[in-house]
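All remarks here apply to the structure that follows.
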């Protein structure tokens, strides 16, 4: 059972977060890449609710079982493109922050595939996903019930 239910959430809180979600989804980033970011972030944060949600969203988008099951060990597999690998590397580093700046080689690798504007959206997508993970881990929404609309 959830610690905090939808009815307990302050009016407007999710609306503000959904506005940011709309900004990300309406960017030039592919929906598939956004969902890969979201699933990887949820894996890194151990957010069962979000892992369930983004796994289902990726399946709905046509993602393969092989890539889905291998995302947690993406560095050891050949299933992800160089573009995706650059984003996954950045996702891992930005999700598990250290006190040090993001290394130049990690940032510069993104510029091989994305514009600076797109890097801004990738950064926002990772940050937003981390926010959702922290909310869901606090609220304890029950995983498994999410349905793709």
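In our numbering, the protein residues as written are 1082 to 1230.
Virtual Cβ for every residue (Gly too), placed ideally from N, Cα, C.
In this text the structure is predicted, and so the values were computed from the model without any measurement.
Closer than 7 angstroms by C-beta to residue i: which residues in its own chain qualify, once you throw out the five before and the five after it? Chain order, please.
i, result
"residue 1202", "1105, 1108, 1110"
"residue 1158", "1151"
Taking Cβ positions, are residue i and residue j nearer each other than 8 angstroms?
i, j, result
"residue 1142", "residue 1099", "no"
"residue 1117", "residue 1165", "yes"
"residue 1154", "residue 1114", "no"
"residue 1096", "residue 1225", "no"
"residue 1130", "residue 1217", "yes"
Please state the DSSP three-state secondary structure of residue i.
i, result
"residue 1137", "helix"
"residue 1160", "coil"
"residue 1092", "coil"
"residue 1099", "helix"
"residue 1124", "helix"
"residue 1106", "helix"
Measuring only the C-alpha atoms, how far is residue i from residue j?
i, j, result
"residue 1229", "residue 1136", "10 angstroms"
"residue 1120", "residue 1187", "20 angstroms"
"residue 1103", "residue 1183", "26 angstroms"
"residue 1160", "residue 1215", "29 angstroms"
"residue 1152", "residue 1091", "34 angstroms"
"residue 1210", "residue 1122", "6 angstroms"
"residue 1191", "residue 1138", "24 angstroms"
"residue 1196", "residue 1127", "30 angstroms"
"residue 1140", "residue 1156", "21 angstroms"
For residue i, I'd like the list of residues in its chain whose CB is within less than 8 angstroms of its CB, leaving aside the five on either flank, ordered along the chain.
i, result
"residue 1084", "1219, 1220, 1221"
"residue 1101", "1205, 1209"
"residue 1212", "1098"
If we count Cβ pairs, one from each stretch, closer than 8 angstroms, do we get three or more for the region 1172-1179 versus the region 1199-1216? yes
Does the structure place the region 1132-1149 close enough to the region 1174-1190 that three or more beta carbon pairs sit under 8 angstroms? no
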